[in-house]
Amino acid sequence: MARPSGFDSFEKVKVLLEVLDRAYNRQSWHGTNLRGSIRGVTASVAAKRPAPGRHNIWELVVHAAYWKYTVLRRITAEPRGSFELKGSNWFTRPDNDADERLWNDDRALLERMHANLRTAVEGLANRDLCSVSPKSKVNLFELIAGIAAHDLYHAGQIQLIKRLTTSKQ
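Right, here's the structure in full:
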């Protein structure tokens, strides 16, 4: 397929920032973004599991924060192990004894990871987007677009979990 006229000269970094923000916290045509999906969610709702052994909303939030950190690390070449929590990918969170302070801390972690990732992307030039991080198999453009898709995927899961867990009451 032929590229549209001017494709190579447009500001890809600005487009990626827009995509990141729409997936995380800006209004868009696609519906609820990740931050919107957890708006008004209490710790007790976030801790409910849709079924035994399944991830709850709280775990999805920390998982999303972790992957924002991972993409950031791949952009900046930060060393592994600098995430604020011990572990990787999935972090077990409360499912009975929900604490609002801890839930707010984990939501703030997600917010920080988004802000840090956004700052790193802002610092890129268009030419950087074709490079492949030594810690990745895809170029930075695909990696950054992918984390936006990841946010939306989990926003959809959260919307479903809210419906499933509140309809059981």
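For the sequence shown, the UniProt record's numbering assigns the number 1 to the initial residue and increments by one for each residue that follows.
We put the beta carbon where it would ideally sit given N, CA and C, even for glycine.
Cβ of residue 121 within 8 angstroms of Cβ of residue 16? To locate residue 121, count along the sequence shown from 1; it is residue 121. To locate residue 16, count along the sequence shown from 1; it is residue 16. Cβ distance < 8 angstroms, so residue 121 and residue 16 count as in contact.
If you compare alpha carbons, which of 161, 163, 123 and 28 is closest to residue 14? Along the sequence shown, one-based indexing puts residue 14 at 14. The shortest Cα separation from residue 14 among 161, 163, 123 and 28 belongs to 123.
For residue 39, count neighbouring Cβ atoms within 10 angstroms of its own Cβ and tell me buried if that reaches 16, exposed if not. Sequence index remark: in the sequence shown, residue 39 carries index 39 (1-based). Residue 39 is exposed by the Cβ-count criterion.
Got a sec? Which residues, its chain only, sit under 8 angstroms from residue 129 by beta carbon, not counting five neighbours each side? In the sequence shown, the residue the question calls residue 129 occupies position 129. Excluding residues within five positions, the ones whose Cβ falls inside 8 angstroms are 12, 13, 16, 139, 140, 141 and 144.
Under the three-state reduction of DSSP, which class applies to residue 132: helix, strand or coil? On the sequence shown, residue 132 is found 132 positions in, with the first residue counted as 1. Note: residue 132 maps to strand in three-state DSSP.
What is the DSSP secondary structure of residue 157, reduced to helix, strand or coil? In the sequence shown, the residue the question calls residue 157 occupies position 157. Helix.
State buried or exposed for residue 97, treating a residue as buried only when at least 16 other CB atoms are found within 10 Å of its CB. Locating residue 97 in the sequence shown gives position 97, counting from the first residue. By the neighbour-count rule (16 or more Cβ atoms within 10 Å), residue 97 is not buried but exposed.
In terms of alpha-carbon separation, which member of 33, 27, 152 and 104 lies closest to residue 44? By 1-based counting over the sequence shown, the position of residue 44 is 44. It is 104.
Per DSSP, which residues does residue 139 bridge with? Please list them. The sequence position of residue 139 within the sequence shown is 139, counting from 1. BP columns for residue 139 point to 132.
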